[in-house]
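*Asks:*
Residue numbers (my numbering): 66 to 672.
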C-alpha cells in the first residue's frame, strides 16, 4: 500500500513539474515565438501616435523636459517610408549603421543595424532599431534645451525645422552641423558625430545675441511608443535600464514602470536607456555631471509610451556669450566587446551591465569569454562549447573522481545494504541506523551521486544565459540542421522530422509539448544511458522516478536553445565515459548492459 502511495505521489510530482514548466517556460517561449513569426509575416501598422507628446503640467519656476502625459489621440499611423518622407533628413551611413536624422525636431529617429538580419537568411531585412513618430513603433532619441515653466523663451521643439550647415552624410569621418535661430536673440547649433560602431556624440551650443541673460537646462531623452513584444522570461530584463550613481543598477520592465508611473533619481555618474534582448538605446552623459534622471510612462491616446531622460544643471548664458553641453547616445547591438570597450574608454559606471549576465555574473561572463576565445580559434561556436565542456570536466575531475569512486563503493556493498533492508524491514529507524554505520565503516558518502549533477547546475545555468542573452550566439550555426545555436532545435519527431507537412506545436493546450527535436532526443538517450550505468534502486518509487527522469528532461529541454542541449548531450557522453573508467578502476561492475537486459526481460515476463 505504501509503495502504491509513493508511486502515485511520484506521478503527481512529475505532472506538476511538466505543468510548471509549461506555465513558466514553454508557454511564454511559444507565445514569443508566435509573435515574432506574426511580425515577420505581417508588416501591418499597429496603433501609435505621431508627433511629440505634450509636456506634463509643472509648477512655475521649475524646469521641464518634453514628457508624455495628457496628449490627445492623434492620426492613424503611416508606413515607415511615408513617415521618413514627411521631414527633410540628414543621412547616416557607416559600416554598422544606416539611417537618418530628422531636421524636423533634430531627432535621431531612423536607424538600421546593417550587420544584423531578422532571420538566419543573410538576405532578410536588417534590424530596425529606431523609428520616427507616426510609424507603428516609434523609438527615438532627442536632445536639447529647456527652460523653467512659464519662462517666455522660444526654444527648439519637436516641430522646429533645423538647417544643415555642413552638407553631406553623417559618417565616421564626417560630422554634421545643424543650426536654428529663434529670431529672438538665441542661436542654437548642434554638431553630431558617430564612430564606426554605435556611439553618437552630440555637442549642443546656444549663443545669446540678445540683451538679457537666459538660463537654460540641457536635457536628453529616449522615448518609445507602444509596448514592444518581449521574450517574457524572468532571467532576461527587457525595458528601462540604467546604472545611476550610488543607486546602482536599476531595471524596470514595461509593466513595472506602468505601475510606478515615474521613478526619479538625483545622481552623478550614471547612464540610462531602454533595452531589448539584443539591442539597446542608452544615454551616456558626462560621468561628472549631476543628473536629474527619470524613468516614466504615459499615454498617447490609448497607446502607452515609455521614456528615460535626464536634466542637467542650468547654464546661464550672458549677452554675447555661448553655452555648450556634450551628450552621447549608444544605439546599437549589445556586442560584448563593444560594450566593454565603451565602458573602459568612456570610464562609465558599469556599462557592461547593459548585457544581462544574471546572478551568476562571475561565472557567466568568464564562460562567454572562454567560448568566444575558442570560437576565434576553431571558427564555430558549437565546437567552442564542446571544448569548454571538456575543459570544465578536466577542472572538476578530482571532485567527480571522488564522487564516482564513492558510488563504486556503494555498488560493492549493495548486497549488504539489501540484506539490512530485509532484516529491518519493519523497523525503519533501525534500518537507517545500520545503513549509516555501514556507510561510515566503508567510508561511503551516500550523497556522492548527486555531486556531479550539483556541480553542473551553475555551469548549466550560466551557459544558458550565454546562449540566451549574448548577441554573438544569435544565428551562430553548428553543423547539419542547426543554423542557430541560440534557438531551439528546428526538427520535430512528431511530424517525422518534416516528412509530414504539419506543425503540431500550433495545437491548443498541448502544442508546446509537441516540439521534440533530434538533439533533445540524443540528449535524452545519453541521460538514460548514464542512469543505466548504476544499479536499479531497491525502492520501486525511486526506480520509477529514475526511469521517468530522462523522458521528463527530454521534453523540458526540447524548448531550450540548441547549443545548451548539445552541451548537455556531450556532457552526458563524457560523464558516461568518465564514470565507466572510474568504476572499472575500482572494481565495480558496470550495470549498463544488465540493466538494459532486465528492462526488456520484464516486458517478456509472463503475466
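For each residue, glycine too, the CB sits at the ideal point set by N, CA and C.
(1) Have a look at 211, 332, 343, 202 and flag the residue whose alpha-carbon is nearest the alpha-carbon of residue 271.
(2) State the Cα-Cα distance for the pair residue 548 and residue 556, rounded to the nearest angstrom.
(3) In whole angstroms, what is the alpha-carbon distance linking residue 385 and residue 354?
(4) If you follow the alpha helix (DSSP H) that residue 227 is part of, which residue opens it and which one closes it?
(5) Whole-angstrom Cβ separation of residue 319 and residue 347, contact assumed at under 8 Å?
(6) Under a three-way DSSP split, which group does residue 581 fall into?
(7) With hydrogens ignored, establish whether the beta-carbon of residue 276 is closer than 7 Å to any heavy atom of the ligand NAD.
(8) Work out the CA separation of residue 435 and residue 610 for me, nearest whole Å.
(9) Identify every residue that forms a DSSP beta bridge with residue 363.
(10) Give me, in chain order, the residues of the same chain whose beta-carbon lies closer than 7 Å to that of residue 413; leave out the 5 immediate sequence neighbours on both sides.
(11) Report the three-state DSSP secondary structure of residue 218 (helix, strand or coil).
(12) With DSSP as the reference, please indicate the residues paired to residue 315 in a beta bridge.
(13) I need the boundaries of the alpha helix (DSSP H) containing residue 641, first residue and last residue.
(14) Going by C-alpha to C-alpha distance, which of 234, 144, 483, 334 sits closest to residue 496?
(15) Going by DSSP, what residues sit across from residue 338 in a beta bridge?
(16) Would you kindly report the start and end of the unbroken beta strand (DSSP E) that includes residue 436?
(17) Would you decide whether residue 221 is buried or exposed? Buried here means 16 or more other CB atoms lie within 10 Å of its CB.
(18) In three-state DSSP terms, what is residue 117?
(19) What did DSSP end up calling residue 494 once you bin it into helix, strand or coil?
(20) State the CB to CB distance for the pair residue 223 and residue 131, rounded to an integer number of angstroms; the pair is presumed to be in contact (CB under 8 Å).
(21) Please state whether DSSP places residue 529 in a helix, a strand or coil.
(22) Should residue 323 and residue 294 be called a contact, given that it needs their Cβ atoms to be closer than 8 Å?
(23) Just verifying my parser: in three-state terms, what is the DSSP assignment at residue 247?
(24) Quick one: using the 10 Å Cβ neighbour count with 16 as the cut-off for buried, is residue 309 buried or exposed?
(25) Specify whether the stretch 588-595 and the stretch 561-569 touch according to this definition: at least 3 beta carbon pairs, one from each stretch, less than 8 Å apart.
(26) Cβ atoms of residue 283 and residue 377: under 8 Å apart, would you say?
(27) Near residue 444, which residues of its chain fall below 8 Å by C-beta distance, leaving aside the five closest residues on each side in sequence?
*Replies:* In this structure, then:
(1) 211
(2) 11 Å
(3) 25 Å
(4) Note, residue 227: premise wrong, no alpha helix (DSSP H); not H, not E.
(5) Not a contact, Cβ separation roughly 16 Å.
(6) coil
(7) The model depicted lacks the ligand NAD and carries no ligand whatsoever.
(8) 36 Å
(9) 370
(10) 336, 349, 352, 407
(11) coil
(12) 307
(13) 627-650
(14) 483
(15) 306, 347
(16) Looking at the DSSP string, residue 436 is not in any beta strand (DSSP E); the run it does join, the alpha helix (DSSP H), is 426-443.
(17) buried
(18) Note that residue 117 scores 37 on pLDDT, short of 50, meaning its location in the model is unreliable; the coordinates nonetheless yield the value given after this. Coil at residue 117, not helix or strand.
(19) helix
(20) 7 Å
(21) helix
(22) no
(23) coil
(24) buried
(25) no
(26) yes
(27) none
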